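A short worksheet on the structure shown next.
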Amino acid sequence: MTVSEFSTDVESKSYNACQFKLNGLHIISRHAKITPKKIGQFVTCWTRDKNGITVPFNESDTIDYFVVSVSSGVYFGQFVFPKSVLITQGILSTEDRDGKRAFRVYPEWGVPQSKQAIQTQQWQLEYFYQIHDDIYLKSASKLYTI
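Numbering (the numbering used here), first residue to last: 2 to 147.
This is the structure we're talking about:
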């Protein structure tokens with residue numbers, strides 16, 4: 002795997018925000034935060050428009066994958082969301098939808114209680130892999146195929 006054009010996003014430094022190319026694919030990356038009162042982890046997903054106003058990423062933005070790293074104690078993993086899934090789930094804005102500036106992710110070690118959180122975790126886990134000593138690069142790499 003080849004990483005190129007790496008840059009950090011100063012405004013979202015607390016989320017370790019960065020973007021880069023991985024084998025020519027455009028990746029936007031964040032590290033989600035644990036919040037004190039809700040299950041799951043919170044991550045931002047915005048950019049600034051030409052007027053300097055924060056807006057959700059748009060379907061026309063150059064993004065192939067939005068990668069969200071999560072950790073809790075001894076657990077660590079990543080969600081590798083393809084752009085198409087973020088459009089389908091209403092996270093990226095389109096002509097018909099406003100999109101979201103932030104959203105919550107639910108790694109496999111979390112046990113959400115609300116019906117909506119459970120449904121969200123179900124679709125998100127299709128794009129999740131836990132990182133541990135036995136992870137195989139081949140397993141992680143398959144998430145980066147469009």
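Note that beta-carbon positions come from the ideal geometry of N, C-alpha and C, so glycine has one too. Computed from a predicted model, the values in this text were never measured in an experiment.
Taking all protein chains shown into account, residue 100 has 16 or more neighbouring C-beta atoms within 10 Å of its C-beta and is therefore buried. In the DSSP annotation of this structure, the continuous segment of the beta strand (DSSP E) that includes residue 47 starts and ends at 47 to 49.
DSSP places residue 22 in the uninterrupted beta strand (DSSP E) bounded by 19 to 23. A Cβ-Cβ distance of about 6 Å is found for the pair residue 78 and residue 132, placing them in contact under the 8 Å criterion. For residue 86, the enclosing alpha helix (DSSP H) stretches over residues 84 to 89.
By the neighbour-count definition (other C-beta atoms within 10 Å, threshold 16), residue 45 is a buried residue.
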